[in-house]
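Asks: Let me give you the structure first, and then I'll get to my questions.
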Amino acid sequence: MGFAIRAMQPADLDAVSRLMVRVFPQSHSPAQWAKIMEWMYFSPSLADGRPRALVIADAHSIVGHIGCTVSPFTDGRRYLRVVNPANWVVDPDCKAGLLAVRLILEIGAAGDLVMVIGGGEQTQRIIPKLGYKEWFRVERYIKVLKPWRLLGSAPTGRAMAHNAVKLGLYWTGRVQAMARNRHGRSTPVYQWREMDEPKAPEPIESSTTVMRNALDPQFLAWFKQCPEGSVHVLGLYDGQQLIGHVSVLIMARGSRRWANLLGAETWIEAPSVWSSLLNATEEFLQGQQVTHINAVGCYAPWCEALRRHGYTRLKSNPVRLRSKPGQLKDVAAWHVTAIEGDLGYLME
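Residues in the sequence shown are numbered from 1152 upward in steps of one, following this note's numbering.
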């Protein structure tokens, strides 16, 4: 019997983990990949019964794999299941042919539309031919809290050079931001506290149609189980009313310690609220000994808040969507953060 596509099973974790290490030898160990994929695809929190990963296999081996996360997106009036493909790999010694392409086509069946953020050279070459269109770009940002520790924590000379480039870009952007914000505005003070049981702020009417991850309690509770680092969700309150929240992943590798800003949401389109979300994040991280904070953004109010708080833009990545005709014709803007796909735990 030849190779065929089927749903991945928990028994496949070891074989797929070894395949991931073979294709991406500088990423994680097989044991780390097994933990990550067990969480991504087989967590008890994923209760809808839909497969989160597919493999190309025969009776003896697995030569291809693709997984996904499924995000609940909303504009306040409707909800969409957005599939984010991840870990699309094929054994380089196996000529899987059309089966490799079918992997990414079939994984999208779990949702209403499919979103690919960035991707490797081969991914970006293939997916435009499969009906994926570039809709917008997400910007990658960094804020350095401990410059010298950032350099000193690099495990290799190459990593130190990479961090030195980051630091140079950061300081260049920081000087520009200080000049831009020399007449800074005061912002109201809101209270924040860590949320043991994540809760989403209620959507409100908006004059602009913005499609964003709903960051609902079930999705956030699942992400808090991520085996890579520790995830924390901070709620922002005006009195007793929850008006927004921010989630952050604290990562550590040896002496290196950093934070990835996963998601931020408020339905109150006021600059002071977006700014207060970042104030809460940085107050929380002050005692965590992180060298720097990574973030992404594409929504103008969020990106403006990042820049005003001293985050420097490093680069941008295309976001390509595969959707039904006319499905997104009324969407005026997108709010995409690092909680999508595998960005959150891989970003560094």
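Heads up, the beta-carbon is just placed ideally off N, CA and C, and yes, glycines get one too.
At which residue ranges does the segment 1228 to 1315 contain complete beta strand (DSSP E) runs of 3 or more residues, listed in the order of the chain?
Replies: Complete beta strand (DSSP E) runs here, min 3: 1230 to 1241, 1264 to 1268 and 1284 to 1295.
Asks: Given that a residue counts as buried once 16 or more other Cβ atoms are within 10 Å of its Cβ, and exposed if not, what is residue 1237?
Replies: For the purposes of this step, residue 1237 is identified with residue 86 of the sequence shown, where counting begins at 1. Residue 1237 should be labelled buried.
Asks: Can you give me the Cβ contacts of residue 1335 inside the same chain, cut-off strictly under 6 Å, excluding the 5 residues immediately before and after it?
Replies: Here residue 1335 refers to the residue found at position 184 when the sequence shown is read from its first residue. Model confidence at residue 1335 stands at a pLDDT of 49, short of 50, so the residue's coordinates are unreliable; what they give is reported in the following sentence. Correct list: empty, nothing qualifies.
Asks: Measuring alpha carbon to alpha carbon, tell me which of 1176, 1466 and 1484 ends up nearest residue 1293.
Replies: As a position in the sequence shown, residue 1293 is number 142, starting the count at 1. Among 1176, 1466 and 1484, the Cα nearest to that of residue 1293 is on 1466.
Asks: At a cut-off of 7 Å, is residue 1209 close to the ligand MG when judged by its beta-carbon and the heavy atoms of the ligand?
Replies: Among the components modelled here there is no ligand, and therefore nothing to report on the ligand MG.
Asks: Do three or more CB pairs link the segment 1225 to 1235 to the segment 1436 to 1450 at distances below 8 Å?
Replies: Contact between the segment 1225 to 1235 and the segment 1436 to 1450 is absent, because fewer than three Cβ pairs lie under 8 Å.
Asks: Just to confirm before moving on: does the CB-CB distance between residue 1393 and residue 1447 stay below 8 Å?
Replies: On the sequence shown, position 242 is the one that residue 1393 refers to. On the sequence shown, position 296 is the one that residue 1447 refers to. No. Outside cutoff.
Asks: Can you tell which of 1372, 1413, 1221 and 1184 has its C-alpha closest to the C-alpha of residue 1202?
Replies: Along the sequence shown, one-based indexing puts residue 1202 at 51. With distances taken between CA atoms, residue 1202 lies nearest to 1221 out of 1372, 1413, 1221 and 1184.
Asks: I'd like to know if the segment 1364 to 1378 and the segment 1345 to 1353 are in contact, where contact means that at least 3 CB-CB pairs between them fall below 8 Å.
Replies: yes
Asks: The alpha helix (DSSP H) that contains residue 1432, what's its start and end?
Replies: Mapped onto the sequence shown, residue 1432 falls at position 281. Taken as a continuous stretch (DSSP letters only), the alpha helix (DSSP H) holding residue 1432 covers 1422 to 1436.
Asks: Which residues bound the alpha helix (DSSP H) around residue 1458?
Replies: Stepping through the sequence shown from its first residue, residue 1458 is reached at position 307. Here the alpha helix (DSSP H) through residue 1458 covers 1451 to 1459.
Asks: Please determine, among 1276, 1453 and 1497, the residue with the shortest C-alpha to C-alpha distance to residue 1421.
Replies: Translated into positions along the sequence shown, residue 1421 becomes position 270. The shortest C-alpha separation from residue 1421 is found at 1453.
Asks: Excluding five sequence neighbours on each side, which residues of the same chain lie with their C-beta closer than 6 Å to the C-beta of residue 1269?
Replies: Position 118 of the sequence shown holds residue 1269. Closer than 6 Å at the Cβ level, and outside the excluded window around residue 1269, lie 1468.
Asks: Use the C-beta contact count for residue 1291: other C-beta atoms within 10 angstroms, 16 or more gives buried, fewer gives exposed.
Replies: Here residue 1291 is taken as the residue at index 140 of the sequence shown, counted from 1. Answer is buried; the Cβ neighbour count reaches 16.
Asks: Under 7 Å Cβ to Cβ from residue 1503, same chain only, skipping five residues before and after it: list those, please.
Replies: There is no way to answer for residue 1503, as the model of the chain reaches only from 1152 to 1499.
Asks: The beta strand (DSSP E) with residue 1448 in it runs from where to where?
Replies: By 1-based counting over the sequence shown, the position of residue 1448 is 297. First-last of the beta strand (DSSP E) with residue 1448: 1443 to 1448.
Asks: Closest to residue 1406 by CA distance: which of 1197, 1256, 1485 and 1442 is it?
Replies: One-based indexing of the sequence shown puts residue 1406 at position 255. Cα-wise, what sits closest to residue 1406 is 1442.
Asks: Quick check on DSSP: helix, strand or coil for residue 1193?
Replies: Along the sequence shown, one-based indexing puts residue 1193 at 42. Helix, per DSSP.
Asks: Put residue 1391 into one of helix, strand or coil per three-state DSSP.
Replies: As a working mapping, residue 1391 is identified with position 240 in the sequence shown. In this structure, residue 1391 counts as coil in the three-state DSSP scheme.
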